[in-house]
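For reference, the structure discussed in these notes is given below.
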Amino acid sequence: MSTDPAFSRALGERGWIGMAWPKRYGGGERSMLERYVVVEELLAAGAPCGAHWVADRQSGPLLLLYGQEQIKQALLPRMARGELYFCIGMSEPNSGSDLASIRSRATKNQDGWLLNGSKIWTSGAHLAQYMIGLFRTGPVSSNRHADLSQFLIDMATPGISVRPIKDLTGADHFNEVFFDNVRIPADHLLGNEGDGWNQVMTELAFERSGPERYLSCIQLLIQMIDSADRDNERHTVAIGKLVAEMATLRQMSLGIAGMLARGENPALPAAIVKDQGTLVEQNLPEIAHDLFGIDLSSRGGPIASVMSYLVQAAPSFSIRGGTRAIVRGIIAKGLGLR
Amino acid sequence: MSNESDMIRESVNRMFSQRVDRQVLDQLEAGVWPGELWQLVEESGFSQVLSNESVDAAEGWQNAYPVFHASGFYRLPLPLAETIVANALLVLAGFAPRNGPMTLIQQDGHLNLHVEDNGLVLNGAVASIPWARFAKHIVIAGRVGTQLVLGLVEATSQGLQISHAQNIAGEPRDLVSFNDTRCTEYAGWCEGLPDTPVTLFCALARAAMMVGAAQSVLQQSVEYANDRVQFGKSIGKYQATQQSLAILAGEVACAQTATMAACQAATSALSVFDVAVAKIRAGQTAGVVANIAHQVHGAFGYTHEHTLHYATRRLWSWRAECGAESLWAAQLGRQAIERGGDKFWTALVARAS
Chain A
4 MSTDPAFSRA LGERGWIGMA WPKRYGGGER SMLERYVVVE ELLAAGAPCG AHWVADRQSG
64 PLLLLYGQEQ IKQALLPRMA RGELYFCIGM SEPNSGSDLA SIRSRATKNQ DGWLLNGSKI
124 WTSGAHLAQY MIGLFRTGPV SSNRHADLSQ FLIDMATPGI SVRPIKDLTG ADHFNEVFFD
184 NVRIPADHLL GNEGDGWNQV MTELAFERSG PERYLSCIQL LIQMIDSADR DNERHTVAIG
244 KLVAEMATLR QMSLGIAGML ARGENPALPA AIVKDQGTLV EQNLPEIAHD LFGIDLSSRG
304 GPIASVMSYL VQAAPSFSIR GGTRAIVRGI IAKGLGLR
Chain B
-3 MSNESDMIRE SVNRMFSQRV DRQVLDQLEA GVWPGELWQL VEESGFSQVL SNESVDAAEG
57 WQNAYPVFHA SGFYRLPLPL AETIVANALL VLAGFAPRNG PMTLIQQDGH LNLHVEDNGL
117 VLNGAVASIP WARFAKHIVI AGRVGTQLVL GLVEATSQGL QISHAQNIAG EPRDLVSFND
177 TRCTEYAGWC EGLPDTPVTL FCALARAAMM VGAAQSVLQQ SVEYANDRVQ FGKSIGKYQA
237 TQQSLAILAG EVACAQTATM AACQAATSAL SVFDVAVAKI RAGQTAGVVA NIAHQVHGAF
297 GYTHEHTLHY ATRRLWSWRA ECGAESLWAA QLGRQAIERG GDKFWTALVA RAS
């Protein structure tokens, strides 16, 4: 998703960031379903929401749940105005799918915490003013999920350095972030010390439950529809099946928005939508190739340019926010496989 | 779903779980009509779940969904879905619902309808008609000239012949031929109702039955994976098995969502878009589910003694009935292409066809 801070501020002004947050923190006190409608339309239109997306989707809700009052008052209204952007500090060079094995450490001192270590694959770290990061606050014990804690980190704090990592397309959107004796205040601990694992699972449920898990490829489908011949049965059947997939995924995604609105935990259905959504999205460039054999030259038309981007971006869909293997593990656990 | 549909779900599942066993399933495959079971089902009122005039049309499909679902889940060896839809169409055409098992025919190129002496007369033959040999009445939807009509034929009518055939699950799928056969009654089909009501209604009923059957396969597969021990632990502990069953569960969730959405949004007219999505999605699920379940069950699941095949052979049959995925997809695809890419999203949100 492309990034445009001016667009984010305009959305904030319109009241379309933090829609479901309390008014006293700059939110709109709208329902989760109303928020869903706006988010879905933004994605369907391909709007450049990259700057504020994480803040709106997961950091804001997380701060509402676990942030101290003075922090919520200071940050949430600016997030809702589209001025403050967040990044997510979870993965580390040696801890990807095995998130509980992280080694970056937060040590308590007299005026707060001292952070050391590094995070990787951090999307937007070069733009975000804040990170919410997971750090180890105790020894590596037999219970690997204990002694992890979440922190709010001002990215301007001395000792933080951000190194861009080019992705396979050559674009800079994710980074490695280094922490070298970074001092942060005591009230920047989110929730309780040692509760980080459960909090991160809550955060990931927000991350995995949105409609972006099936709408990343919609621009390609639109181009495919315009390139198709209504009298060619190969075209009509393939497009029709994709319409059915999209209609189904949208209905499931809407169901999750309903669960969030009722205060239910959508972790399992969200994992299912993510798995099924990424399968469809990754299949879309394959079907486009099969139907139209699109030449991916830079002089091609609109479908070639969308296709060139998506065919390269598609592998990331089932990696970001939890790999396919991890997501299916969550589903298997939900099924009661012992 | 409403309280009433919850009550229906509870009672239909209770009855089928107690009464549909492998003995009655095997008897059907040997050609024996499960008359006692039919009696019980009919007395319960399930066959009129879509034709009960005290129920608002918009709620009819919500109440019918659990009955279709349970018919698939327990592999009910009766034409209950066909009788439910036949009764619904009779009531929509202004007739009273009937007692006894029924089936339906959507006119195709092999069947001719004409009116003679104020009666509807049928000539021709139609293949793969479900349960025809056991039906007391047959409902026929078609055209006389440009006029859409719905007719009712009694099993004992003159010129009606049925020759037996079955799908791979052993369910009757007969060839029905008519030679100047007169309908006992017929009526013009109202404007605003679908052109091919038998195909449309039966497709949604089949989709719901496939969801039920797929869910029973998922349940059986998870139980088997937890019970079966190899290399010292249950195979459900191996990541490869877990990943396969996660795909199976995802497929079932998609089919269920699409089908329930169509039932929840249904009025007496049914949305062609919703039904197409449900039938396509459930049909795709059928193949994946059967494939993974058999892999998980290994050689045991491939035996006739195991019960898995009662569901998987039905799934393979049902996905091809009432319009295979490609037939419905061609319709949806053509509409989407004619509408144009810039209208795709708004049409999807409106679920418009």
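Taken in order, these protein sequences are the chains called A and B.
Sequential numbering from 4 applies to the first sequence in the working numbering.
Sequential numbering from -3 applies to the second sequence in the working numbering.
Built from N, CA and C at the ideal position, the CB exists for glycine as well.
Computed from a predicted structure; not experimentally measured.
Where the beta strand (DSSP E) through residue i begins and ends
i, result
"B/Ser47", "Premise fails: B/Ser47 is in no beta strand (DSSP E) and is neither H nor E."
"A/Cys90", "89 to 92"
"A/Val41", "A/Val41 -> not in any beta strand (DSSP E); alpha helix (DSSP H) instead, spanning 35 to 47."
"B/Arg169", "169 to 178"
"A/Asp175", "175 to 188"
"B/Ala183", "181 to 184"
"A/Asn119", "115 to 126"
"A/Lys169", "163 to 169"
"A/Glu236", "Not the beta strand (DSSP E): A/Glu236 falls in the alpha helix (DSSP H), residues 236 to 264."
Chain-ordered neighbours of residue i on chain B, where CB pairs are closer than 7 Å
i, result
"A/Glu236", "Ala326"
"A/Arg253", "Leu344"
"A/Val240", "Ser322, Ala325, Ala326, Gly329"
"A/Leu263", "By Cβ distance, chain B contributes nothing, its closest Cβ being about 16 Å from A/Leu263, past 7 Å."
"A/Arg233", "Arg330, Ile333, Glu334"
"A/Leu338", "Val218, Leu241, Ala245"
Rounded separation between residue i and residue j - CA only
i, j, result
"A/Arg302", "A/Lys122", "38 Å"
"A/Lys277", "A/Glu43", "15 Å"
"B/Gln273", "A/Val330", "As written in the sequence, residue 273 of chain B is Val, which differs from the Gln given in the question. The straight-line gap from Cα to Cα measures roughly 26 Å."
"A/Arg147", "A/Gly99", "15 Å"
"B/Leu304", "B/Leu214", "10 Å"
"A/Gly30", "A/Asp157", "22 Å"
"B/Thr177", "B/Gln154", "6 Å"
"A/Phe177", "A/Ile168", "6 Å"
"B/Asp338", "A/Val40", "18 Å"
"A/Asp7", "B/Gly319", "47 Å"
"A/Val165", "A/Cys52", "22 Å"
"B/Arg169", "A/Leu245", "31 Å"
"A/Thr251", "B/Ala295", "34 Å"
"A/Glu37", "B/Gln252", "25 Å"
"B/Gly283", "B/Trp312", "7 Å"
"A/Arg211", "B/Ala278", "24 Å"
"B/Asn(-1)", "A/Phe154", "46 Å"
"A/Tyr69", "A/Thr125", "22 Å"
"B/Ala151", "B/Ser13", "31 Å"
"A/Gly325", "B/Phe269", "33 Å"
"A/Val283", "B/Val145", "41 Å"
Contact list for residue i against chain A, beta-carbon separation under 9 Å
i, result
"B/Phe227", "Ordered by position in chain A, no residue passes the 9 Å Cβ test against B/Phe227, which lies about 15 Å from the chain."
"B/Ser13", "Under the 9 Å cutoff, chain A gives no residues; its nearest Cβ is about 20 Å from B/Ser13."
Strand pairing of residue i, partner residues [DSSP]
i, result
"B/His110", "B/Val117"
"B/Leu100", "B/Val135"
"A/Arg139", "A/Arg108, A/Leu151"
"B/Ser230", "B/Val225"
"A/Cys52", "A/Thr6"
"A/Asp232", "Its beta-bridge partners do not exist; DSSP assigns none."
"A/Glu95", "A/Ser98"
7 Å Cβ cut-off: residues of chain A touching residue i
i, result
"B/Gly337", "Ile225, Gln226, Ile228, Asp229"
"B/Val51", "The contacting residues do not exist; B/Val51 stays about 24 Å from chain A at best."
"B/Leu230", "The residue you asked about is not Leu; residue 230 of chain B is Ser in the sequence shown. Per Cβ cutoff of 7 Å: Arg341."
"B/Lys273", "The residue you asked about is not Lys; residue 273 of chain B is Val in the sequence shown. Within 7 Å Cβ-Cβ: Ala247, Ala250, Thr251."
Contact list for residue i against chain B, beta-carbon separation under 8 Å
i, result
"A/Arg331", "Gln238, Gln239, Ala242, Ile243"
"A/Asp278", "Ala242, Ile243, Gly246"
Partners in chain A for residue i, counting only beta-carbon separations shorter than 8 Å
i, result
"B/Ile276", "Gly243, Lys244, Ala247"
"B/Thr253", "Thr251, Gln254, Met255, Gly258"
For residue i, the first and last residue of its enclosing alpha helix (DSSP H)
i, result
"B/Gln14", "-1 to 15"
"A/Gln285", "270 to 295"
"B/Cys207", "What sits at residue 207 of chain B in the sequence shown is Val, not Cys. 193 to 223 is the extent of the alpha helix (DSSP H) around B/Val207."
"B/Ile352", "The requested residue 352 of chain B is not part of the displayed model; chain B covers only -3 to 349."
"A/Leu130", "No alpha helix (DSSP H) contains A/Leu130, which DSSP labels as neither H nor E."
"B/Val149", "Taken as a continuous stretch (DSSP letters only), B/Val149 belongs to no alpha helix (DSSP H), being part of the beta strand (DSSP E) at 143 to 150."
"B/Ser322", "321 to 335"
CB contact below 8 Å: residue i versus chain E
i, result
"B/Phe340", "The chain inventory of the structure shown lacks chain E, comprising the protein chains A and B."
Chain B residues whose Cβ lies nearer than 9 Å to that of residue i
i, result
"A/Ile297", "Chain B residues near A/Ile297: none, gap ~15 Å exceeds 9 Å."
Please determine if the segment -1 to 12 of chain B and the segment 30 to 46 of chain B are in contact, where contact requires at least 3 C-beta pairs separated by less than 8 Å. With contact defined as three or more Cβ pairs closer than 8 Å, the segment -1 to 12 of chain B and the segment 30 to 46 of chain B are in contact.
At least three beta-carbon pairs within less than 8 Å, the segment 323 to 332 of chain B to the segment 240 to 251 of chain B: The segment 323 to 332 of chain B is not in contact with the segment 240 to 251 of chain B.
Looking at C-beta atoms only, is the number of pairs between the segment 236 to 252 of chain A and the segment 307 to 327 of chain B that lie closer than 8 Å three or more? In this structure the segment 236 to 252 of chain A touches the segment 307 to 327 of chain B; the number of beta carbon pairs closer than 8 Å is three or more.
Three or more C-beta pairs under 8 Å: does that hold for the segment 67 to 81 of chain B against the segment 192 to 208 of chain B? With a cut-off of 8 Å, the segment 192 to 208 of chain B and the segment 67 to 81 of chain B count as touching, because enough Cβ pairs lie within range.
At least 3 beta-carbon pairs within less than 8 Å: the segment 205 to 220 of chain A vs the segment 277 to 286 of chain A: Three or more beta-carbon pairs drawn from the segment 205 to 220 of chain A and the segment 277 to 286 of chain A are found closer than 8 Å, and the two stretches are therefore classed as touching.
Between the segment 174 to 191 of chain B and the segment 101 to 119 of chain B, are three or more C-beta pairs nearer than 8 Å? Contact holds between the segment 174 to 191 of chain B and the segment 101 to 119 of chain B, because three or more Cβ pairs, one in each stretch, are under 8 Å apart.
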